[in-house]
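Novice: Below you will find the structure I want to go over with you.
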Amino acid sequence: MPSQGRQKPKLLVFIVAYHAEKTITKVISRIPASLLDTYETDVLIIDDASGDETFAHSHRASLDSESPFRITALFNPVNQGYGGNQKLGYRYAIENGYDFVALIHGDGQYAPECLPELLEPLRAGAADAVFGSRMIRPQDALKGGMPMYKFVGNRILTWVENKLLKTNLSEFHSGYRIYSTRALRAIPFDRNSNDFHFDTEIIIQFLIAKLRIRELPIPTYYGDEICYVNGVKYARNVVKAALTARMQSLGLFHDPKFDCAPESQYTPKFDYQSPHTMAFERVRPGSRILDIGCAGGYLGAHLARLKDCHVDGIDAFPITDPTMELALGEFHLHDLNTGLPAIDYERYDHFLMLDVIEHLANPEAFLEGLRNDIGSNPRAEVIISTANIGFFVTRFMLFLGQFNYGKRGILDRTHTRLFTFKSFERIMEQSGFDIVERAGVPGPYPLGLGDNALSRMLVHVNRALINVSRGLFSYQIFLRIKPRPTLEWLLRTAQEQSAKRARELETAKA
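For my numbering, add 1 to where a residue sits in the sequence shown, where the first one is 1.
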């Protein structure tokens, strides 16, 4: 949409050019002057260090007083590559306050005459990017002269990318694109490759950032232009980019250029086996519970509604859902890195710490403080879980030399401590707790793959493998622990029992 206070949106027609001396002037002349009726339109040409007269022709066009557009011609002294040239153009559009930037090629392969139609969804606010697709009507691509090997390669690569990225685009490989600069500001396109697969990487970024992509059909034209794309290398790079993004979505890999997803809210995990479901099964109905690190309060509300439990919560962040807050008896806004708040811990039957301990700077001190606070409560039980760094996928990635922190999963970059079963059990025992139950949690396949037959089968197989090797195949570690009585409690109890027995003896003697 146009910037506030301006009647017309501001449009930059951006022409990437490389050895286009024979075509650049004609491409400029084909840009519809009718664009000026709707948009404040300028033209930017960036010649990527061509060794011919491309810049000379572009510069002369910028001096043409009869041109309906203001034209700026730039020359890269060092070749930046197809992707690198785009980065410069998009940065220019952002810094100069354009609302939209339309990418066309200086070789004339994409028809500038289509610009008014392609711009319409952006102007209407119905899209964040519009791609001109040659494959919405595949037969037209062949009629337009697309070589059969390129046609087949385009279709195969697009199919693979759609499968990996869970999309349904007709084409990933068109270079005819129009972007909202507002959307470009939201993604780290500057981190992308300078090579031809820049186009695939920016699509992936739009998908991850949940920006809206619209495809419209365009005519296909192949003339005598020279293709500078190494097909095998390009295919390898686009598949690698899509596979990397897919692995990152599963928490197995991290690449900063794909770290552009909107901040997600906490997700309750009740639809498949998880620490939430396991804790729910083990909590006694009607219990008093303190949920330490309760996040959005979802588990507490679940327990209150279905098991008639009284649940209080502690978390460093406020609960944003009013219905969840109402379900809790008390909520304490408190940073657990400073220890526990001063409340009465003897009134609780269960203490929940699900996926919390790994976020603490000093878990040993926290656990010792928790044990001291509840050690005099003989009925108290702590249910605690954390990620298992010994999970076979993490081990395999380490074998490959990969240890990649990201936004989610075992290597969530907010995790300050990582544990195996043995190290997690050891820290509990050293902090004064006895282990009542230890169990492994399978991977959250329904979260990554959706709730379908494949994800349910993987959960079933993972559970069977946990029975073979809990330390190798558990995605998370689940423990039930009880605090050992403190020395103070034992001494006080001994004194009280001694006094009682002494009175009984005195009574019996009398």
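Note that the Cβ used here is the ideal one computed from N, Cα and C, for glycine as well.
1. Flag this pair as touching only if the segment 126 to 140 and the segment 212 to 220 have three or more C-beta atom pairs under 8 Å; answer yes or no.
2. If you draw a straight line from the alpha carbon of SER275 to that of PRO445, how long is it in whole angstroms?
3. Roughly how far, in whole angstroms, is the beta-carbon of TYR40 from the beta-carbon of PHE199, given that I think they are within contact range, below 8 Å?
4. For GLY90, write down the residues that DSSP places opposite it in a beta bridge.
5. Tell me the DSSP bridge mates of GLN477?
6. Determine whether the Cβ of GLN477 lies closer than 8 Å to any Cβ atom of chain D.
7. Hey, could you find the ends of the beta strand (DSSP E) GLY314 is sitting in?
8. Based on DSSP bridge pairs, tell me the residues matched to TYR111.
9. Just list the residues that DSSP pairs ILE482 with in beta bridges.
10. For THR73, which three-state DSSP category applies?
11. With distances taken between CB atoms, is the gap from ARG135 to SER175 smaller than 8 Å?
12. Please report how far the alpha carbon of ARG237 lies from the alpha carbon of VAL44, in whole angstroms.
13. Is ARG481 close to the ligand FMN? I mean its beta-carbon at under 7 Å from any heavy atom of the ligand.
14. Measuring straight from C-alpha to C-alpha, what distance separates ILE105 and ILE46?
15. Which one of LEU36, ALA50, ASP435 has the shortest CA to CA distance from PHE76?
16. Note down, in chain order, each residue of its chain lying with its Cβ closer than 6 Å to the Cβ of ALA210, except the 5 sequence neighbours on either side.
17. Do you know how far the Cα of SER35 is from the Cα of GLY52?
18. Just list the residues that DSSP pairs SER171 with in beta bridges.
19. By Cβ distance below 6 Å, which residues in the same chain neighbour MET248 in space, the five residues on each side in sequence not counted?
20. I'd like to confirm the pairing. Which residues does DSSP put opposite HIS106 in its beta bridges?
21. Should PHE15 be labelled buried (16 or more other beta-carbon atoms within 10 Å of its own) or exposed?
22. In the DSSP assignment, find the alpha helix (DSSP H) that holds ARG289 and state where it starts and stops.
23. My output table needs one value for ASP141: the three-state DSSP class, helix, strand or coil.
24. Is it buried or exposed for ILE436, if we count other Cβ within 10 angstroms and need 16 for buried?
25. How would you call ASP272, buried or exposed, if buried means at least 16 neighbouring beta carbons within 10 angstroms?
26. Hey, how far is the Cα of ASN373 from the Cα of ARG418?
27. Suppose you measure from the CA of PHE392 to the CA of TYR476; what does that come to, to the nearest Å?
28. Taking the alpha-carbon positions, what's the ILE384 to LEU355 distance?
29. If you reduce the DSSP assignment to three classes, tell me which class VAL44 lands in.
30. Would you kindly work out how many angstroms separate the C-alpha atoms of ASP143 and ARG71, rounded to a whole number?
31. For the candidate residues LEU341, PHE352, THR245, PRO379, whose alpha-carbon lies nearest to that of ASN363?
32. Excluding five sequence neighbours on each side, which residues of the same chain lie with their C-beta closer than 6 Å to the C-beta of PHE422?
33. Please return the same chain residues whose Cβ sits closer than 6 Å to the Cβ of ALA440, not counting the five positions on each side in sequence.
34. For THR201, I'd like the list of residues in its chain whose CB is within less than 8 Å of its CB, leaving aside the five on either flank, ordered along the chain.
35. Measuring alpha carbon to alpha carbon, tell me which of ARG493, ALA465, LEU208 ends up nearest VAL442.
36. Determine the DSSP secondary structure at LEU329, reduced to helix, strand or coil.
Specialist: With the given structure in hand:
1. yes
2. 7 Å
3. With a Cβ gap of about 25 Å, TYR40 and PHE199 do not count as contacting.
4. In DSSP, GLY90 forms no bridge with anything.
5. ALA388, VAL442
6. The structure shown contains no chain D; it holds only a single protein chain.
7. 311 to 316
8. Answer is none; TYR111 lacks a bridge partner.
9. VAL383, ILE436
10. strand
11. yes
12. 34 Å
13. The ligand FMN is absent from the structure shown, which contains no ligand whatsoever.
14. 10 Å
15. ALA50
16. ALA187, ILE188, CYS261
17. 34 Å
18. Partner(s): none; SER171 has no beta bridge.
19. PHE254
20. VAL17
21. buried
22. First-last for ARG289: 289 to 293, but that is the beta strand (DSSP E), not the alpha helix (DSSP H).
23. helix
24. exposed
25. exposed
26. 22 Å
27. 6 Å
28. 7 Å
29. strand
30. Here the sequence assigns Leu to residue 143, which means Asp is not the residue at that position. Answer to the nearest angstrom: the Cα atoms are 36 Å apart.
31. LEU341
32. GLY472, ILE478
33. PHE479
34. GLU162, PHE173, HIS174, ASN238, VAL239, ALA242, ALA243
35. ALA465
36. coil
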